[in-house]
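Participant:
Numbering (the working numbering), first residue to last: 7 to 147.
#1: Looking at the strands, I want to know which residues DSSP matches up with residue 21.
#2: For the putative contact between residue 84 and residue 136, defined by C-beta atoms under 8 Å, what is the C-beta separation to the nearest angstrom?
#3: Express the C-alpha separation of residue 48 and residue 118 in angstroms, rounding to a whole number.
#4: Please classify residue 145: does DSSP put it in a helix, a strand, or coil?
#5: So who's on the other strand from residue 122, going by DSSP bridges?
#6: Using the DSSP secondary-structure output, state which residues sit across from residue 108 in a beta bridge.
#7: If we call anything under 8 Å between Cβ atoms a contact, is residue 18 one with residue 82?
#8: Alpha carbon to alpha carbon, how far is residue 122 from residue 11? Give it in angstroms, no decimals.
#9: Have a look at the DSSP bridge pairing and note the partners of residue 90.
#10: With distances taken between CB atoms, is the gap from residue 42 to residue 98 smaller than 8 Å?
#11: Which of the three DSSP states is assigned to residue 96 in this structure?
#12: So what's residue 55 in DSSP terms, helix, strand or just coil?
#13: What is the residue span of the alpha helix (DSSP H) that residue 36 lies within?
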């Protein structure tokens, strides 16, 4: 397998549309049946005025990118911080942005992780530390 070098500043982006089925399936899998996610009447009376997606559903989009696409298939999560800054609604287009901040000799990478909606509002702000697959190496600029 060919080795791939990644350096600080490299950015990877991917977009996902949030569907009602995703929200319902996430509630089923996790048991998080908060009515603000599932009940139209309840959500209309909330400060959001309509149903919102689970924050961790949207956060899991980051996990999917890290484990399957960037920095490479088989990446191992060490840690993740998440700050939920804005609600995500059904049918929102979410862009996951992963930016390499730094690497180390132990082959760990520190990443800036963002999720942004179709209006370029940050909905999740965070950082992750990962161990990339052995075919990926961090290269100082």
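Every residue, glycine too, gets a C-beta built ideally from N, C-alpha and C.
Facilitator: Working from what's here:
#1: Note: residue 21 sits in a beta bridge opposite 101.
#2: Right, the Cβ-Cβ distance comes to about 6 Å (below 8 Å), so this counts as a contact.
#3: 35 Å
#4: coil
#5: 101 and 128
#6: 116
#7: no
#8: 27 Å
#9: 130
#10: A distance of 8 Å or more separates the beta carbons of residue 42 and residue 98.
#11: coil
#12: coil
#13: 26-36
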